[in-house]
Amino acid sequence: MVEPAPWWAVLVVPAVLGAFATGAVLGSRQLVARASGAPSRPQAVLAGMCAEVAGLLVGRRRTTLAPDRLLWRLGVVGVPVAAILAVAVVPLGHWVVDDLRVGVVWFNAMEILTWAAVWAAGWGPNSAFSLVGGYRMVAQGLSYELPHMFALIGVATAAGSLQVGTIVAQQRHLWFVVWMPVGFAAFLLSVLGFSFIGPFGQPAGADLAGGVLAEVAGVDRLVLAAGRWLLLAAGAAMAVPLFLGGGLGPGLPAWAWSVLKTVAVLGALVATRHLVPTVRLERWAPLAWLVLLPLTIVQDLVAAVVVLLR
Amino acid sequence: MVCGTVGDLDEAVTEVWGEMPDPKARRDLADPAAARKTLDGARAQLAEPGHVPPSPHQRAGAPGASGAHHGMSDHGDDMAGGGGMEMPAGLAMAERTEDRDGLKLDQLHLTLGPLLSEWPTGLVLRIAVQGDVIQQARGETVGGTGDGSFWEEPSERARRGEPVTCGEVARRTAAHRLDSLGRLLEVAGWPAAAGSARWLRDDLLGGLPAALAAPRLGRLVRHVGRSRVLSQMTAGLGQASDGDVRARYRRWLDDAVRAVVSLDGPESRGVVRASFARPGVPPGAVLETIEQLVVGTELGVARLIVASIDPDLDDPRIAARHG
Chain C
1 MVEPAPWWAV
11 LVVPAVLGAF
21 ATGAVLGSRQ
31 LVARASGAPS
41 RPQAVLAGMC
51 AEVAGLLVGR
61 RRTTLAPDRL
71 LWRLGVVGVP
81 VAAILAVAVV
91 PLGHWVVDDL
101 RVGVVWFNAM
111 EILTWAAVWA
121 AGWGPNSAFS
131 LVGGYRMVAQ
141 GLSYELPHMF
151 ALIGVATAAG
161 SLQVGTIVAQ
171 QRHLWFVVWM
181 PVGFAAFLLS
191 VLGFSFIGPF
201 GQPAGADLAG
211 GVLAEVAGVD
221 RLVLAAGRWL
231 LLAAGAAMAV
241 PLFLGGGLGP
251 GLPAWAWSVL
261 KTVAVLGALV
271 ATRHLVPTVR
281 LERWAPLAWL
291 VLLPLTIVQD
301 LVAAVVVLLR
Chain H
1001 MVCGTVGDLD
1011 EAVTEVWGEM
1021 PDPKARRDLA
1031 DPAAARKTLD
1041 GARAQLAEPG
1051 HVPPSPHQRA
1061 GAPGASGAHH
1071 GMSDHGDDMA
1081 GGGGMEMPAG
1091 LAMAERTEDR
1101 DGLKLDQLHL
1111 TLGPLLSEWP
1121 TGLVLRIAVQ
1131 GDVIQQARGE
1141 TVGGTGDGSF
1151 WEEPSERARR
1161 GEPVTCGEVA
1171 RRTAAHRLDS
1181 LGRLLEVAGW
1191 PAAAGSARWL
1201 RDDLLGGLPA
1211 ALAAPRLGRL
1221 VRHVGRSRVL
1231 SQMTAGLGQA
1241 SDGDVRARYR
1251 RWLDDAVRAV
1261 VSLDGPESRG
1271 VVRASFARPG
1281 VPPGAVLETI
1291 EQLVVGTELG
1301 VARLIVASID
1311 PDLDDPRIAA
1321 RHG
């Protein structure tokens, strides 16, 4: 039911992902504008975003004293690249760039690539605040990664496959979110984690004057900041085939269901950014390891038992 | 845009200005009435077709100047170490000292402030960090006018015997608490709530009547005051005589609610001062308190602690201490 798309899909995928990310940015900006009394009509929000993007495009890049330029650039570019590569296995309705037999592992690998990229982006500029931001990403990864992987393992166990197409097909009768809600929640938390946005935005925290974003200006800043939102969109898009039945649904064509569900997940993720302050890692890590991790393991146990009895 | 009196902060302002990437236009604004004209002028300068940045941007701080270069930047990322050996780019090696577990670790000397976003302007905190944990801290001040805090100005006039309405003091007090709250929420990574607090602050200063302010403040209090995540993240931090970070922001919310109730209150003289006195850290002990509280904390926690004390360096009771 999921089939490889023609070659030009490779060009379409970044555009579609970019559209989702842009929508998320606009939604988020509108929420902030409304909360702080700034003009929040859609046109005003759109104009504000365009002005900022234009400003970054014409703005000069920043150079610091004795930076590790190669690592810095690799890190900045690595974030959006990881996001785009990650969605190569995410189906939109029936189409997917490549439905790899190990699609789930591919997605996970790309997500872990962001650890390295964000760390490098923090290390590169030779600046204390950036450096601390980069290391916060590593600490954050250590907190969300295991629950994230156990959430993926639960899905793979239930579907008996690591192939995203098969995982979608296995949800014909019942979406995985219904009997794996803990896995779904853990997955969404980890999406906020690897895109370092909202409650898990500490690597780019205001307390570090922007952390990994502190020293990037101009195009570099645009690329890194856009990368975060692309990652958020990629995570939201992946949640749909993993837990919400992908393109399955009555009436509408499969691609429309994929889009609708992705928008819903993305909307929920953006909303958390406005409902919750940033979670500090020293207080989150114990919760992640002592509460969330055991819960996801129990979730996997449930999945395994259900599969055995079926 | 540099607003207000620059004074001793001039050096720091110039340095931040030097670090800002082009294209840029700087304007100093001392008179609020000139704001529109000044902004228009800056915009016109940026829009000039021939506005070509003078030279590729380079970080202030020439190679070899490591000892003298104190990072008065908005990022506070002075990488100058204390060691003697000159390294490429003029950066010295980090020295090593024992950390809290008795391990020898690199120690880095950083300067927070005097200009840093969401930071009390003019406060300088010279810290030694190992990783992101502060080992030593020394507080200094730059540029406070000492003419009295803007936020205390009506109560100050009342104390001098001038006729000041209770409502005027209450309005300024409510705005002050929201100003502090906005900064704390921004540091806590909650821009939407910070935006709400600042919007209400501005509207209060602009004369918003109590009937309109009260429901908005009520929403903010419900949103922020009842946030379990914020409460969990701030409980137990920066414990001083006036409580912890959580106790401080909760007190601000209470103060603001009480102040907004009496916004449209009857005219009165003098008596208003006591009811809104901030039971926070005594101004005379602010620097010492911050120094003591931030040692042993992670950078983010230290930022929360400073934001929760939120000293106003224009207050003459905060003794100037120059480095």
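Residue numbers (this note's numbering), protein chains in the order written: chain C, 1 to 310; chain H, 1001 to 1323. Backbone N, C-alpha and C define an ideal beta-carbon position, used for all residues, glycine too.
Neighbours of residue 1044 of chain H in chain C, taken as residues at a C-beta separation under 7 Å, are lacking, since the least C-beta distance is about 16 Å. Under the three-state reduction of DSSP output, residue 1024 of chain H falls in the coil class, being neither helix nor strand. Below the 7 Å Cβ cutoff, chain C contributes 277, 279, 280, 283 as neighbours of residue 1233 of chain H, in chain order.
For residue 1128 of chain H, the uninterrupted beta strand (DSSP E) segment begins and ends at 1123-1130. C-alpha of residue 1145 of chain H to C-alpha of residue 1234 of chain H: approximately 31 Å in a straight line. Within the model, the alpha-carbon separation for residue 1002 of chain H versus residue 96 of chain C is close to 52 Å. Between residue 1112 of chain H and residue 1130 of chain H, the CB-CB gap reaches or exceeds 9 Å. Chain-ordered, the chain C residues with CB closer than 9 Å to the CB of residue 1199 of chain H read 35, 36, 37, 38.
Annotation for residue 1111 of chain H: the continuous beta strand (DSSP E) segment containing it runs 1104-1112.
DSSP, read as helix, strand or coil, puts residue 211 of chain C in helix.
Chain-order list of chain C residues neighbouring residue 1191 of chain H: 32, by C-beta distance under 7 Å. Using a Cβ-Cβ cut-off of 9 Å, residue 27 of chain C does not count as an interface residue toward chain H, since no Cβ of chain H sits closer than that to its own. Proximity to residue 1022 of chain H across H:1109, H:1036, H:1045 peaks at H:1045, based on C-alpha coordinates. Remark: C-beta atoms of residue 1256 of chain H and residue 1208 of chain H do not approach each other more closely than 9 Å.
Residue 244 of chain C carries a coil assignment under DSSP once its states are collapsed to helix, strand and coil. With a 10 Å radius around the Cβ and a threshold of 16 neighbouring Cβ atoms, residue 1037 of chain H comes out exposed.
Among the bridge pairs identified by DSSP, residue 1139 of chain H is matched with H:1125. Residue 243 of chain C is positioned such that its CB atom lies closer than 9 Å to that of residue 183 of chain C. For the segment 1279-1305 of chain H, the beta-carbon criterion of a distance under 9 Å to any beta-carbon of chain C is satisfied by 1298, 1299, 1300, 1301, 1302, 1303, 1304. For the segment 52-83 of chain C, the residues whose beta carbon sits under 8 Å from a beta carbon of chain H are, in order, 58, 59, 60, 61, 62, 63, 64, 65, 66. Selection C:31, C:25, C:20, C:8 evaluated against residue 1194 of chain H yields C:31 as nearest (Cα-Cα).
Judged by DSSP secondary structure, residue 1156 of chain H falls within the alpha helix (DSSP H) whose first and last residues are 1153-1159. Counting only the Cα atoms, residue 28 of chain C lies some 8 Å from residue 271 of chain C. Under the three-state reduction of DSSP, residue 1317 of chain H is assigned to coil, being neither helix nor strand. The beta carbon of residue 1186 of chain H lies closer than 6 Å to those of 1118, 1194 in the same chain, with the five residues before and after it left out. Secondary structure note for residue 1097 of chain H: it is in no alpha helix (DSSP H), and the uninterrupted beta strand (DSSP E) holding it is 1095-1098.
With respect to the 9 Å criterion, residue 161 of chain C and residue 1196 of chain H are not classified as neighbours on the basis of their beta carbons. The beta carbon of residue 1240 of chain H lies closer than 7 Å to those of 1281, 1289, 1293 in the same chain, with the five residues before and after it left out.
At a cut-off of 9 Å, the C-beta of residue 1021 of chain H has a neighbouring C-beta in chain C. For the pair residue 1259 of chain H and residue 1174 of chain H, the CB atoms are nearer than the 9 Å cut-off. When C:301, C:54, C:8, C:203 are compared, the shortest CA-CA separation from residue 180 of chain C is found for C:301.
Note: residue 67 of chain C is not bridge-paired with any residue in the DSSP secondary-structure output. Note that the C-beta distance between residue 1008 of chain H and residue 1149 of chain H is not below 9 Å. Annotation: residue 275 of chain C to residue 1214 of chain H spans about 21 Å, alpha carbon to alpha carbon. The DSSP-derived three-state label of residue 1240 of chain H is strand. Contact between residue 1115 of chain H and residue 1012 of chain H holds, since their C-beta atoms are separated by about 5 Å, short of 8 Å.
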